[in-house]
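Take a look at the structure below.
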Amino acid sequence: MLELLIIACLQDQCREFSKLYDPAEVSLLTCMMSGQSEVARWQAAYPEWQVDRWSCGERSTRAARL
Numbered sequence: 002m003l004e005l006l007i008i009a010c011l012q013d014q015c016r017e018f019s020k021l022y023d024p025a026e027v028s029l030l031t032c033m034m035s036g037q038s039e040v041a042r043w044q045a046a047y048p049e050w051q052v053d054r055w056s057c058g059e060r061s062t063r064a065a066r067l
């Protein structure tokens with residue numbers, strides 16, 4: 002799975018938010034190229050959160066995020 006990972010902060014609390022993509026449908030390059038607009042849409046939906054950084058990458062199936 003490909004993951005668009007957004008690190009955002011609310012006051013002094015930062016969290017990870019992710020959007021998953023099927024690599025058969027979306028390439029890493031596509032995620033990187035369209036990531037900025039996806040992050041902008043996310044920011045518009047959650048204006049109280051301040052985006053710190055974002056990245057695209059392969060999500061490790063061994064690492065679980067809570």
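Its first residue numbered 2, the sequence shown is counted upward by one per residue in my numbering. From the three backbone atoms N, C-alpha and C, an ideal C-beta is built for every residue, glycine too.
Look at the alpha carbon of residue 10 and the alpha carbon of residue 20, and state the distance between them as a whole number of angstroms. 17 Å
Am I right that residue 54 and residue 8 are in contact with their C-beta atoms under 8 Å? What's the rounded C-beta distance? 5 Å
Can you tell me where the beta strand (DSSP E) with residue 55 in it begins and where it stops? 51–59
Give me, in chain order, the residues of the same chain whose beta-carbon lies closer than 8 Å to that of residue 29; leave out the 5 immediate sequence neighbours on both sides. 3, 57, 58 and 59
Simplified DSSP assignment, three categories, for residue 1: In this structure the chain extends from 2 to 67, so residue 1 is not present and cannot be described.
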